[in-house]
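Step one of this worksheet: look at the structure below.
2 protein chains.
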Amino acid sequence: MKIAGILTIGNEILQGYTLDTNAQSISEELNKRNIKTTIHLSIPDDIFKIKEKVDKFIIKNYDYIFITGGLGPTHDDITKKALIELFETEIKFLSDRHTIISKKFNKVNLPKCQSEILAISNPLENSIGTALGMYFKFKKSEIIILPGVPIEMKSMLCSYLDDIKKIRKVTNNVITINTCGIYETKLYEKVKFFISKNDKHIFFSFLPSYEGVKIRLTALSDQANLNKTKNELVKILDDYAYGIDKVTLEEKVSNILINKNLNLSICESCTGGFISKSLTDISGSSKFFIGSVVAYNNLIKQKIVKIPKVTLDKYGAVSKQVSEKMALNISKIFKTNISIACTGISGPEGGTKEKPLGTVFISIYYLDKIKTKKFIFNVDRKSHRLMTKQASLYMLWRILKEI
Amino acid sequence: MKIAGILTIGNEILQGYTLDTNAQSISEELNKRNIKTTIHLSIPDDIFKIKEKVDKFIIKNYDYIFITGGLGPTHDDITKKALIELFETEIKFLSDRHTIISKKFNKVNLPKCQSEILAISNPLENSIGTALGMYFKFKKSEIIILPGVPIEMKSMLCSYLDDIKKIRKVTNNVITINTCGIYETKLYEKVKFFISKNDKHIFFSFLPSYEGVKIRLTALSDQANLNKTKNELVKILDDYAYGIDKVTLEEKVSNILINKNLNLSICESCTGGFISKSLTDISGSSKFFIGSVVAYNNLIKQKIVKIPKVTLDKYGAVSKQVSEKMALNISKIFKTNISIACTGISGPEGGTKEKPLGTVFISIYYLDKIKTKKFIFNVDRKSHRLMTKQASLYMLWRILKEI
Numbered sequence: 006m007k008i009a010g011i012l013t014i015g016n017e018i019l020q021g022y023t024l025d026t027n028a029q030s031i032s033e034e035l036n037k038r039n040i041k042t043t044i045h046l047s048i049p050d051d052i053f054k055i056k057e058k059v060d061k062f063i064i065k066n067y068d069y070i071f072i073t074g075g076l077g078p079t080h081d082d083i084t085k086k087a088l089i090e091l092f093e094t095e096i097k098f099l100s101d102r103h104t105i106i107s108k109k110f111n112k113v114n115l116p117k118c119q120s121e122i123l124a125i126s127n128p129l130e131n132s133i134g135t136a137l138g139m140y141f142k143f144k145k146s147e148i149i150i151l152p153g154v155p156i157e158m159k160s161m162l163c164s165y166l167d168d169i170k171k172i173r174k175v176t177n178n179v180i181t182i183n184t185c186g187i188y189e190t191k192l193y194e195k196v197k198f199f200i201s202k203n204d205k206h207i208f209f210s211f212l213p214s215y216e217g218v219k220i221r222l223t224a225l226s227d228q229a230n231l232n233k234t235k236n237e238l239v240k241i242l243d244d245y246a247y248g249i250d251k252v253t254l255e256e257k258v259s260n261i262l263i264n265k266n267l268n269l270s271i272c273e274s275c276t277g278g279f280i281s282k283s284l285t286d287i288s289g290s291s292k293f294f295i296g297s298v299v300a301y302n303n304l305i306k307q308k309i310v311k312i313p314k315v316t317l318d319k320y321g322a323v324s325k326q327v328s329e330k331m332a333l334n335i336s337k338i339f340k341t342n343i344s345i346a347c348t349g350i351s352g353p354e355g356g357t358k359e360k361p362l363g364t365v366f367i368s369i370y371y372l373d374k375i376k377t378k379k380f381i382f383n384v385d386r387k388s389h390r391l392m393t394k395q396a397s398l399y400m401l402w403r404i405l406k407e408i
Numbered sequence: 006m007k008i009a010g011i012l013t014i015g016n017e018i019l020q021g022y023t024l025d026t027n028a029q030s031i032s033e034e035l036n037k038r039n040i041k042t043t044i045h046l047s048i049p050d051d052i053f054k055i056k057e058k059v060d061k062f063i064i065k066n067y068d069y070i071f072i073t074g075g076l077g078p079t080h081d082d083i084t085k086k087a088l089i090e091l092f093e094t095e096i097k098f099l100s101d102r103h104t105i106i107s108k109k110f111n112k113v114n115l116p117k118c119q120s121e122i123l124a125i126s127n128p129l130e131n132s133i134g135t136a137l138g139m140y141f142k143f144k145k146s147e148i149i150i151l152p153g154v155p156i157e158m159k160s161m162l163c164s165y166l167d168d169i170k171k172i173r174k175v176t177n178n179v180i181t182i183n184t185c186g187i188y189e190t191k192l193y194e195k196v197k198f199f200i201s202k203n204d205k206h207i208f209f210s211f212l213p214s215y216e217g218v219k220i221r222l223t224a225l226s227d228q229a230n231l232n233k234t235k236n237e238l239v240k241i242l243d244d245y246a247y248g249i250d251k252v253t254l255e256e257k258v259s260n261i262l263i264n265k266n267l268n269l270s271i272c273e274s275c276t277g278g279f280i281s282k283s284l285t286d287i288s289g290s291s292k293f294f295i296g297s298v299v300a301y302n303n304l305i306k307q308k309i310v311k312i313p314k315v316t317l318d319k320y321g322a323v324s325k326q327v328s329e330k331m332a333l334n335i336s337k338i339f340k341t342n343i344s345i346a347c348t349g350i351s352g353p354e355g356g357t358k359e360k361p362l363g364t365v366f367i368s369i370y371y372l373d374k375i376k377t378k379k380f381i382f383n384v385d386r387k388s389h390r391l392m393t394k395q396a397s398l399y400m401l402w403r404i405l406k407e408i
């Protein structure tokens with residue numbers, strides 16, 4: 006198996022101003038092609054350090070060395086300068102390319118450096134921005150230099166891997182099972198015995214987050230039968246397992262709604278539009294999603310969603326009664342067969358003794374039936390909204406599966 | 006100035022399944038306290054590699070060495086094992102702590118390892134989860150070991166820095182100016198001359214994203230007058246500069262709405278709830294945000310937002326006329342003095358010759374006036390929604406400043 010090292014360059018990364026997503030993107034693409042990343046390293050815009058670290062990577066004989074960042078036109082971009090010194094080469098200006106790219110982006114004064122590469126390298130074209138990438142072989146390593154802007158980096162990486170090197174994606178040696186509705190400890194109890202029987206050829210890891218726990222199965226040898234084990238595990242996990250690999254609850258729910266020709270409306274309170282936003286992130290959501298009301302203020306609950314004032318006064322806005330009425334009424338007003346409603350206290354203020362901070366009611370209306378659940382998510386505001394969003398989609402998915 | 010090295014451990018990071026946010030969080034906190042991070046390193050769950058890299062960090066005399074990941078209860082958590090071997094120490098079980106934490110989290114069978122630390126270390130308590138952290142001095146380095154779950158890691162990190170080490174935050178030697186509504190090239194043109202006059206003591210860097218371009222000013226010497234330079238630059242940037250450091254457009258807009266005692270409603274189409282979601286991310290948004298309608302389907306635009314069918318038919322849903330009517334009507338229906346409306350084609354499908362993919366109309370209604378702008382954001386669906394969200398808030402901010 007070929008191995009790779011990734012070097013990301015930028016003061017802003019080390020200062021904590023910028024989250025480096027490039028190392029992850031590169032590893033992900035390499036992993037799909039059976040190339041193993043064994044190191045991520047981030048260093049500042051410092052000529053000496055860049056030279057030192059790239060040199061070390063070469064000594065370690067990585068098959069691939071990926072370098073990102075510091076190729077832009079501003080004065081802090083010094084990656085090329087460092088590499089010229091290290092590889093004792095010079096700059097090559099691609100004037101034809103410069104003319105073409107200046108025209109394409111309609112830039113009269115595009116800095117010359119945007120079309121300059123190391124003389125020993127091949128250019129790697131950028132279909133999105135102006136900075137050129139480059140690649141070349143040095144000793145045992147293939148060195149690939151890419152700009153730091155994530156979207157440009159990713160597109161150039163894929164064109165390098167797919168078009169230039171023709172490195173095909175392989176059948177995955179990793180499968181991830183996505184679960185929701187169950188905490189890590191309980192989940193681990195549930196599958197402990199199964200894992201202990203199967204951990205000779207497969208490595209199991211648990212990745213908890215506020216959207217659920219993922220169980221990752223990695224094949225350790227050719228004798229591992231990932232698919233079979235995955236299927237058995239999914240059976241044990243039952244309804245907690247909603248999807249495999251990158252499949253999200255949003256996608257699961259969308260697909261069922263489209264396939265069953267159902268339509269959906271939403272009435273959100275504490276989530277403030279988050280559920281609608283996350284479902285419309287998916288292209289094609291217009292096939293089932295009609296619309297929603299964010300009834301943040303109680304007057305909107307009354308006036309638009311037609312929750313009787315007496316109900317609000319008697320039970321409070323955060324109550325089973327109001328939540329159910331929200332779901333029921335939004336489906337009537339928006340004329341949909343399915344609806345989601347939620348009302349809760351995301352904080353940081355607003356908790357009471359009977360209804361502590363974190364309390365939330367979620368209702369799903371479906372084909373003249375209604376289901377409501379109460380949760381207390383004792384977490385910060387941001388996580389509370391995320392957990393409420395996810396719990397709503399999980400409840401909806403469970404129901405949609407059965408109808 | 007003290008320096009720090011950060012080591013994050015986890016196969017899932019190197020495989021590209023998990024985005025490592027811990028290195029950034031740690032650097033950010035250290036930066037606030039004038040401790041300079043000079044390296045981020047991620048390696049797999051591999052005893053040999055962990056030992057090798059921690060050893061190298063110690064040889065390099067980092068003042069602080071932060072290690073995260075691999076402290077959990079599952080079998081793939083081997084950080085402690087590696088460190089025990091490296092430091093030739095043993096495990097110490099804190100039984101009192103174990104009793105307390107089992108009770109607190111109501112867990113009968115909490116694994117013993119969750120209360121085990123290296124015998125040479127001090128425990129670092131976890132107020133959110135069950136895994137203990139630890140810290141100790143070794144040669145010239147202070148070594149701090151933290152769990153990989155970001156929210157636990159961050160809270161323990163801050164309690165280590167603030168409570169245990171009492172490392173105070175310092176006046177910042179970095180200021181960031183956040184801009185919107187202008188592309189990087191044009192922005193650079195605008196400030197190039199100013200920068201060239203001021204770059205002796207201050208380093209300027211440009212950080213573009215779909216939410217705008219940030220200009221970061223870093224003091225290079227004691228003679229740098231960051232605040233004065235920032236003020237001058239903000240003056241040149243005029244209305245493009247909306248905030249300093251972590252200030253978002255959401256916060257700016259919220260504060261003005263609250264201070265001027267105004268209230269807001271939103272009618273979203275292509276953004277599907279994103280604008281409402283991002284404003285309600287802020288706690289206290291209930292002081293000005295009344296609610297919104299996500300009119301995804303044209304029937305909702307007609308029936309709920311009362312856009313006449315003739316207007317929709319004549320001009321199309323993505324038009325200045327419909328956008329304005331959406332803003333106007335939502336403010337009437339929700340009885341607010343301000344409203345935002347947007348309607349556009351986020352893609353990947355739906356573009357026409359006259360209205361290409363990426364076209365979007367944004368309207369702001371304010372105190373009986375209305376302002377509409379047309380944009381063509383020629384980017385992918387996700388970025389289109391993000392740019393539309395940001396452009397809406399930027400338009401609103403510009404208007405709110407004047408009224």
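Here the protein sequences come in this chain order: A and B.
Mapping to our numbering: the first sequence position 202 is 207, numbers consecutive.
Mapping to our numbering: the second sequence position 26 is 31, numbers consecutive.
Quick reminder that beta carbons are idealized off the backbone N, C-alpha and C, glycines included.
So the candidates are A/Ser324, A/Cys272 and A/Val315; which of them puts its Cα closest to the Cα of A/Ile343?
The count along the first sequence starts at 1 and reaches residue 343 of chain A at position 338. Selected option, being the one with the closest Cα: A/Cys272.
Looking at the unbroken alpha helix (DSSP H) that takes in A/Thr316, where does it start and where does it end?
The residue given as residue 316 of chain A occupies position 311 in the first sequence. Segment Lys314 to Tyr320, the alpha helix (DSSP H) holding A/Thr316.
Taking 7 angstroms as the threshold (C-beta atoms), are A/Pro213 and A/Thr26 in contact?
As a position in the first sequence, residue 26 of chain A is number 21, starting the count at 1. As a position in the first sequence, residue 213 of chain A is number 208, starting the count at 1. Going by C-beta atoms, A/Thr26 is not nearer than 7 angstroms to A/Pro213.
Classification of B/Ala396 by the beta-carbon crowding that lies within 10 angstroms, buried from 16 upward:
Here the question's residue 396 of chain B lines up with position 391 in the second sequence. Buried: at least 16 other Cβ atoms inside 10 Å.
Could you pull the start and end residues of the alpha helix (DSSP H) that A/Glu189 belongs to?
To locate residue 189 of chain A, count along the first sequence from 1; it is residue 184. Per DSSP, A/Glu189 belongs to the alpha helix (DSSP H) from Glu189 to Asn203.
May I ask you to list, following chain order, the residues of the region 24-39 of chain A that have a beta carbon less than 9 angstroms from some beta carbon of chain B?
Leu24, Asp25, Thr26, Ala28, Gln29, Ser30, Ile31, Ser32, Glu33, Glu34, Leu35, Asn36 and Lys37
Check whether the Cβ of A/Ile305 lies closer than 7 angstroms to any Cβ atom in chain B.
The count along the first sequence starts at 1 and reaches residue 305 of chain A at position 300. True, the Cβ-Cβ gap to chain B drops below 7 angstroms.
From B/Met6 to A/Leu12, what does the alpha carbon distance come to, in whole angstroms?
To locate residue 6 of chain B, count along the second sequence from 1; it is residue 1. To locate residue 12 of chain A, count along the first sequence from 1; it is residue 7. Cα to Cα, the separation comes out at about 25 angstroms.
May I ask you to list, following chain order, the residues of the region 253-281 of chain B that have a beta carbon less than 7 angstroms from some beta carbon of chain A?
Gly277, Gly278, Phe279 and Ser281
Contacting residues, own chain, Cβ-Cβ under 8 angstroms from B/Gly277 (five flanking each side not counted)
On the second sequence, position 272 is the one that residue 277 of chain B refers to. Hits under 8 angstroms: Val299, Tyr301 and Arg390.
Among residues of its own chain, excluding the 5 on either side of B/Ser388, which ones have a beta-carbon nearer than 6 angstroms to its beta-carbon?
In the second sequence, counting from the first residue as 1, residue 388 of chain B sits at position 383. Closer than 6 angstroms at Cβ, skipping near neighbours: Tyr215.
Chain B within 7 angstroms of A/Ile172, Cβ atoms only
Within the first sequence, the letter at position 167 stands for residue 172 of chain A. No, because no Cβ of chain B sits closer than 7 angstroms to the Cβ of A/Ile172.
Are the Cβ atoms of B/Phe71 and B/Ile149 separated by less than 7 angstroms?
Walking along the second sequence from the start, residue 71 of chain B turns up at place 66. Walking along the second sequence from the start, residue 149 of chain B turns up at place 144. Yes; because the gap between Cβ atoms is below 7 angstroms, this pair is in contact.
Does any C-beta atom of chain B lie closer than 7 angstroms to the C-beta of A/Val113?
Along the first sequence, one-based indexing puts residue 113 of chain A at 108. No, its Cβ sits nowhere closer than 7 angstroms to a Cβ of chain B.
Taking the straight line between their C-alpha atoms, what separation do you get for B/Gln119 and B/Ser160?
In the second sequence, counting from the first residue as 1, residue 119 of chain B sits at position 114. In the second sequence, counting from the first residue as 1, residue 160 of chain B sits at position 155. Those two C-alpha atoms are separated by around 17 angstroms.
Rounded separation between B/Lys202 and B/Ser368 - CA only
One-based indexing of the second sequence puts residue 202 of chain B at position 197. One-based indexing of the second sequence puts residue 368 of chain B at position 363. Going from the Cα of B/Lys202 to the Cα of B/Ser368 covers about 40 angstroms.
Would you identify the three-state DSSP class for A/Lys54, choosing helix, strand or coil?
Position 49 of the first sequence, counted from the first residue, corresponds to residue 54 of chain A. Three-state result, A/Lys54: helix.
Cβ closer than 8 angstroms: which chain A residues qualify as neighbours of B/Glu17?
Indexing the second sequence from 1 puts residue 17 of chain B at position 12. The answer, in chain order, is Ser210, Leu212 and Arg221.
Can you find a C-beta in chain B that's less than 7 angstroms from the C-beta of A/Tyr370?
Along the first sequence, one-based indexing puts residue 370 of chain A at 365. With 7 angstroms as the cut-off, A/Tyr370 does not count as an interface residue toward chain B.
Residues sharing a beta bridge with B/Arg221, DSSP
As a position in the second sequence, residue 221 of chain B is number 216, starting the count at 1. Answer is B/Thr181 and B/Ser210.
In whole angstroms, give me the CA-to-CA distance for A/Lys265 and B/Asp50.
Sequence index remark: in the first sequence, residue 265 of chain A carries index 260 (1-based). Sequence index remark: in the second sequence, residue 50 of chain B carries index 45 (1-based). Each residue's alpha carbon lies about 44 angstroms from the other.
Proximal residues of chain B, C-beta to C-beta of A/Tyr188 below 9 angstroms:
Walking along the first sequence from the start, residue 188 of chain A turns up at place 183. Near A/Tyr188 there are no residues of chain B at all, since even the closest Cβ is about 10 angstroms away, more than 9 angstroms.
Touching by the beta-carbon criterion (3+ pairs, under 8 angstroms), the region 181-200 of chain B and the region 356-363 of chain B:
no
With burial defined as no fewer than 16 other Cβ atoms inside 10 Å of the residue's Cβ, what is the status of B/Phe339: buried or exposed?
In the second sequence, the residue the question calls residue 339 of chain B occupies position 334. Its Cβ being crowded by 16 or more others within 10 Å, B/Phe339 is buried.
Three or more C-beta pairs under 8 angstroms: does that hold for the region 160-169 of chain A against the region 19-34 of chain A?
yes
Distance check for B/Gln326 and A/Lys219, CA to CA, integer angstroms please.
What you label residue 219 of chain A is simply residue 214 of the first sequence in a count that begins at 1. What you label residue 326 of chain B is simply residue 321 of the second sequence in a count that begins at 1. For A/Lys219 and B/Gln326, the distance between alpha carbons rounds to 47 angstroms.
How big is the Cα-Cα spacing for B/Lys223 and B/Arg386?
Translated into positions along the second sequence, residue 223 of chain B becomes position 218. Translated into positions along the second sequence, residue 386 of chain B becomes position 381. Looking at the sequence provided, one finds Thr at residue 223 of chain B rather than Lys. Rounded to whole angstroms, B/Thr223 to B/Arg386 spans 35 angstroms at the Cα level.
Are B/Asp244 and B/Arg403 close, meaning C-beta to C-beta below 7 angstroms?
Within the second sequence, the letter at position 239 stands for residue 244 of chain B. Within the second sequence, the letter at position 398 stands for residue 403 of chain B. Against a cut-off of 7 angstroms, the Cβ pair of B/Arg403 and B/Asp244 comes out as a contact.
Inter-residue CB distance, A/Ala246 and A/Asn183 (contact presumed, cutoff 8 angstroms):
In the first sequence, counting from the first residue as 1, residue 246 of chain A sits at position 241. In the first sequence, counting from the first residue as 1, residue 183 of chain A sits at position 178. 7 angstroms between Cβ atoms; contact.
Consider the Cβ of B/Gly138: report whether some Cβ of chain A lies at a distance smaller than 7 angstroms.
In the second sequence, the residue the question calls residue 138 of chain B occupies position 133. Not an interface residue.
Within 10 Å of its beta-carbon, does B/Thr104 have 16 or more other beta-carbons around it, so buried, or fewer, so exposed?
In the second sequence, residue 104 of chain B corresponds to position 99, counting from 1. Answer is exposed; the Cβ neighbour count stays below 16.
By alpha-carbon positions, which one of B/Thr43, B/Thr73 and B/Ile52 ends up nearest to B/Lys65?
Position 60 of the second sequence, counted from the start, is the residue given in the question as residue 65 of chain B. Checking every option, the nearest Cα to that of B/Lys65 belongs to B/Thr43.
Once you ignore the five residues that flank B/Thr234 on each side, which residues in its own chain have a CB closer than 7 angstroms to its CB?
Indexing the second sequence from 1 puts residue 234 of chain B at position 229. So the list reads Asn203, Ile207 and Leu222, once near-sequence residues are dropped.
Going along chain A, which residues have a C-beta under 7 angstroms from B/Ile55?
Translated into the one-based positions of the second sequence, residue 55 of chain B becomes position 50. Simply none; closest approach about 13 angstroms.
Identify the residues that DSSP records as bridge partners of B/Phe294: which are they?
Within the second sequence, the letter at position 289 stands for residue 294 of chain B. Looking at the DSSP assignment, B/Phe294 forms a beta bridge with B/Leu269.
Among A/Lys144, A/Ile408, A/Val196 and A/Ala346, which residue has its Cα nearest to the Cα of A/Glu237?
For this step, residue 237 of chain A is matched to residue 232 along the first sequence. The candidate whose alpha carbon is nearest that of A/Glu237 is A/Val196.
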